[in-house]
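Remarks on the structure that follows.
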Amino acid sequence: MTEGGASAFEGVERGPQTSLEPAHKEGEGSTGGPGHPSVSALQEKFGSAVLRTEVQAGDQHVVFAETPRNCEILQWLRDDPAQRYDLLADLTAVDYGGGRPLQVVYQLWSMTHKRALRVKCEVDLDDLVIESVVRLWETANWLEREVYDLFGIDFEGHPDLRRILMPQNYEEGHPLRKDFPLRGRFSRAEQTKRALSQDYRNDYSVVEIALGGTPALRPMDPDELPADPEEAS
Amino acid sequence: MTAARGVSGEPMSESVLEASDPDLDSEHMLINIGPQHPATHGVLRLICELDGETVLKVTPDIGFLHTSFEKLGEYRTWNQIVPLTDRIDYLAPLMYNCVYVMAVEKLMGLEVTERCKVVRVLCMEMDRIFSHLLWLGTTAIDVGAFTPFLYAFQERERIYKLHESFTGARITTSATRVGGMMADLPDGWTDSLRDFVKTFPKTLNEIDSLLTTNGIHLGRTLDVGVISGEDAINCGFTGPNLRASGVDYDLRKDKPYYDSETYDFDVPIGENGDCYDRYLVRMEEMRQSLRILEQALERLPDGPINVADPRVSLPSKTDCMNDMESMIHHFKLITEGISVPAGDCYFAVEGSKGELGMYLVSDGGEKPVRWRIRPPSFVNLSVIHKLAEGHLVSDLIMINASLDIVLGEIDR
Chain W
1 MTEGGASAFE
11 GVERGPQTSL
21 EPAHKEGEGS
31 TGGPGHPSVS
41 ALQEKFGSAV
51 LRTEVQAGDQ
61 HVVFAETPRN
71 CEILQWLRDD
81 PAQRYDLLAD
91 LTAVDYGGGR
101 PLQVVYQLWS
111 MTHKRALRVK
121 CEVDLDDLVI
131 ESVVRLWETA
141 NWLEREVYDL
151 FGIDFEGHPD
161 LRRILMPQNY
171 EEGHPLRKDF
181 PLRGRFSRAE
191 QTKRALSQDY
201 RNDYSVVEIA
211 LGGTPALRPM
221 DPDELPADPE
231 EAS
Chain A
1001 MTAARGVSGE
1011 PMSESVLEAS
1021 DPDLDSEHML
1031 INIGPQHPAT
1041 HGVLRLICEL
1051 DGETVLKVTP
1061 DIGFLHTSFE
1071 KLGEYRTWNQ
1081 IVPLTDRIDY
1091 LAPLMYNCVY
1101 VMAVEKLMGL
1111 EVTERCKVVR
1121 VLCMEMDRIF
1131 SHLLWLGTTA
1141 IDVGAFTPFL
1151 YAFQERERIY
1161 KLHESFTGAR
1171 ITTSATRVGG
1181 MMADLPDGWT
1191 DSLRDFVKTF
1201 PKTLNEIDSL
1211 LTTNGIHLGR
1221 TLDVGVISGE
1231 DAINCGFTGP
1241 NLRASGVDYD
1251 LRKDKPYYDS
1261 ETYDFDVPIG
1271 ENGDCYDRYL
1281 VRMEEMRQSL
1291 RILEQALERL
1301 PDGPINVADP
1311 RVSLPSKTDC
1321 MNDMESMIHH
1331 FKLITEGISV
1341 PAGDCYFAVE
1351 GSKGELGMYL
1361 VSDGGEKPVR
1371 WRIRPPSFVN
1381 LSVIHKLAEG
1391 HLVSDLIMIN
1401 ASLDIVLGEI
1411 DR
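Sequence lines, in order, name chains W and A. Take the first sequence: its letters are residues 1 to 233, numbered as in this note's numbering. Take the second sequence: its letters are residues 1001 to 1412, numbered as in this note's numbering.
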């Protein structure tokens, strides 16, 4: 594949390319649509911790919150009687590429007030840490594990942060990052070599090892095998 | 091995330990269910720690079907993603086709034609029945009832045929395009669907009479895998699983799309949040879907199915062959794909398994920056330990079945 050649699978070897425009343009998206009661309440309550707000896709309100205070803000949104965002509908991350910070996205829904709100926190690529919200919503357990697995964001205080979709011993990195090529970081030859030289212990999950201990290597010695019951009788 | 522990993980009291036969080995057992096991409903592996037959701890191990759809989507144009969507949940493919393009249209601010709206409602409600029937058949088989499985699959076959006559495929339908459908409904299709709507209740009632008051079925499902409404919300349950716990949350009513609030249907709500309520809710949902189908067939308007918007719609073939501008327009739409304005958008519909959402991020280009599927089964499965711990292994099978999971969507 030649560099710059338009192909259906452009970027297979390099990772997907996005435009290098900033993700957020000043003033864009912040007009139109009626105000959202939670957005103004958040700005009033947390002041400068609400970095900016946007309206997307016509009527979807987005709040950018300060990353170190994510738990505090989300807890208030969940517990305050005027907000009551009790359903964490989704938790995911977005990589815009080009070295820009990753965004952690919380999709909230309030059963009481029938309102939706999107909260975003940005984490810098050289410090991919954010506080876990598992203590607020149990849903976040697997969703944060998925984000950790596919983006490499470290959720502080998560009870069981390990890979979930990729194999536990996957060494090529975090696949949904923009710098991750579609076919993986290693060459086909290297991937095959690693697959063939896997330790059999890798077949055991962390959970099994925690319960039953690391399995010991037992050579198949015919003398050690129990006698055939039919022969013995 | 560690000392015997009770269900809650606390050390067992002395009296319980003494009461057991000292000759019996009281070690906990570690067993794997799956990944290749019919009762896991897919390539799901459940690692269980058992004390006798009681499940002390269950940890799902997933990822065997991981296909990285979301990563693949970043390399495809907006319309090229449609064929990926029906492979995510192969039990309700049309529903996934629809919700994806609905999210793209929401991001573009595109309003589809009235006919297209009703056709998509037909597709989604039909696939809700399609998916619930598979759940019904396989769940019945898990508790030992074989007949409902055969009945359910006979009815599914009829929906397969409807899929095939509309889209040309039975499972990999890829029927939608941004701004409309791949094609309009073929002649006689609505009659076949009407026939299905008319005759299906008979089978449903037969299955109902086989299971709803069946002593074995009741014994296996009543008070098994109970979760309260509050816990269910906190755990992210949506769809029939949440409604079985008594929470009235249905996106068709709460976040209406395609005039869903104007259809006359009820949202069934359970009380106890056990496997039996989840069964009842889904049975009733199929009846309500039939009501929606009836009304949608009634109001299906004539007119174009694709929107006349040059951003997404191809010019007619005659125009392409006769004037240069249409030719260029066609060429650019096909080779470059449509472009979606910069921004992000979360759009969800009431899927057969729960809140089925699509989160799209665009930078204004021909390909998405991020395409995220909000997976209802993934979230529902993540709570299985809460439901199953303390129950018997056989109940674990029932609980897993009652969650209605599909592994293609869990692993994505």
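Don't be surprised by glycine CBs; every beta carbon is placed ideally from N, CA and C. It should be emphasised that the depicted structure is a prediction, and the values quoted were computed from it without experimental measurement.
Chain-order list of residues whose beta-carbon lies under 7 Å from that of residue i (same chain, five-residue window excluded)
i         : result
Gly1365/A : Ser1339
Ile1088/A : Phe1069, Tyr1096, Ile1373, Gly1408, Glu1409, Arg1412
Gln1295/A : Tyr1263, Asp1264
Leu1211/A : Ala1140, Ala1145, Pro1148, His1217
Leu1333/A : Leu1314
Met960/A  : A question about residue 960/A goes unanswered here, because the residues of chain A that appear run from 1001 up to 1412.
Gly29/W   : Confidence at Gly29/W is low in this model, with a pLDDT of 43, below 50, so its placement is unreliable and the value that follows should be read with caution. The answer, listed in chain order, is Glu54, Val55, Gln56.
Val206/W  : Arg162, Gln168
Cys1275/A : Thr1221, Val1224, Gly1225, Met1398, Ile1399, Ser1402
Leu1200/A : Correcting the residue type first, residue 1200/A is Phe in the shown sequence and not Leu. Closer than 7 Å at the Cβ level, and outside the excluded window around Phe1200/A, lie Glu1155, Leu1290.
Ile1269/A : Arg1243, Gly1246, Asp1248
Distance between beta carbons of residue j and residue i, contact taken as under 8 Å
i         : j         : result
Leu91/W   : Leu143/W  : 4 Å
Asn1380/A : Gly1354/A : 6 Å
Thr67/W   : Cys121/W  : 4 Å
Asp1344/A : Leu1360/A : 6 Å
Leu1396/A : Val1055/A : 5 Å
Under 7 Å by beta carbon: chain W residues contacting residue i
i         : result
Phe1378/A : Trp142
Cys1235/A : Glu138, Thr139
Asp1344/A : Gln56
Close-in-space but distant-in-sequence residues of the same chain around residue i (CB under 6 Å, 5 per side omitted)
i         : result
Val175/W  : It should be pointed out that residue 175/W corresponds to Pro in this sequence rather than to Val. Leu150.
Lys1117/A : Tyr1258
Lys1057/A : Glu1049
Trp109/W  : Leu87, Ala89, Ala116
Leu1091/A : Ser1131, Leu1134, Val1406
Arg145/W  : Ile164
Val1312/A : Val1178, Gly1179, Ile1338
Thr1167/A : Thr1173, Ala1175
Ala1039/A : Asp1142, Ile1397
Pro1375/A : Glu1409
Amino acids of chain A, ordered along the chain, whose beta-carbon sits closer than 9 Å to that of residue i
i       : result
Gly99/W : Ordered by position in chain A, no residue passes the 9 Å Cβ test against Gly99/W, which lies about 14 Å from the chain.
Val94/W : Asp1344, Tyr1359, Val1361, Val1369, Arg1370, Arg1372
Bridge-paired residues (DSSP) for residue i
i         : result
Ile1047/A : Asn1032/A, Thr1059/A
Tyr1346/A : Tyr1359/A
Ser129/W  : The residue you asked about is not Ser; residue 129/W is Val in the sequence shown. Beta-bridge pairing links Val129/W to Asp154/W.
Cys1235/A : None, per the DSSP bridge assignment.
Ala93/W   : Val104/W
Met1321/A : Answer is none; Met1321/A lacks a bridge partner.
Ala65/W   : Val50/W, Cys121/W
Gln60/W   : Gln56/W
Chain W residues whose Cβ lies nearer than 8 Å to that of residue i
i         : result
Glu1049/A : Leu211
Asp1254/A : Lys114
Asp1061/A : Ser205, Val207
Val1383/A : Glu138
Interface flag, residue i vs chain C, CB-CB below 8 Å
i         : result
Arg1243/A : Judged by its chain identifiers, the structure shown contains no chain C, and its protein chains are W and A.
Span separating the alpha-carbon of residue i from that of residue j
i         : j         : result
Asp126/W  : Ala41/W   : 32 Å
Gln1288/A : Phe1196/A : 14 Å
Glu26/W   : Gly98/W   : Note on Glu26/W: pLDDT 42, under 50, position unreliable in the model; no value is reported.
His61/W   : Leu1293/A : 33 Å
His1391/A : Trp1189/A : 47 Å
Asp1061/A : Lys1255/A : 33 Å
Asp1051/A : Glu1027/A : 7 Å
Arg1045/A : Glu1336/A : 42 Å
Pro1240/A : Thr192/W  : 43 Å
Asp1363/A : Arg1370/A : 9 Å
Val1393/A : Phe1331/A : 59 Å
Ala1348/A : Thr1138/A : 27 Å
Asp1319/A : Val1281/A : 51 Å
Cys1235/A : Thr139/W  : 5 Å
Interface partners of residue i on chain A, CB under 8 Å
i        : result
Pro234/W : Since the first and last residues shown for chain W are 1 and 233, residue 234/W lies out of range.
Contacting residues, own chain, Cβ-Cβ under 8 Å from residue i (five flanking each side not counted)
i         : result
Val1307/A : Leu1110, Glu1111, Val1112, Thr1113, Cys1116, Gly1179, Gly1180, Ser1313
Ile130/W  : Thr67, Asn70, Val104, Cys121, Val123, Ile153, Asp154, Phe155, Glu156
Leu77/W   : Ser38, Leu42, Gln83, Tyr85, Leu108, Leu117, Val119
Leu1193/A : Leu1122, Met1126, Leu1162, Leu1293, Leu1297
Within chain W, partners of residue i - CB distance below 9 Å
i         : result
Leu1355/A : Leu is not the amino acid found at residue 1355/A; the sequence shown has Glu there. Leu87, Ala89, Asp90, Trp109, listed in chain order.
Lys1106/A : Ala57, Gly58, Gln60
Gly1109/A : Ala57, Gly58
7 Å Cβ cut-off: residues of chain A touching residue i
i        : result
Arg118/W : Tyr1346
Gln60/W  : Cys1345, Tyr1346
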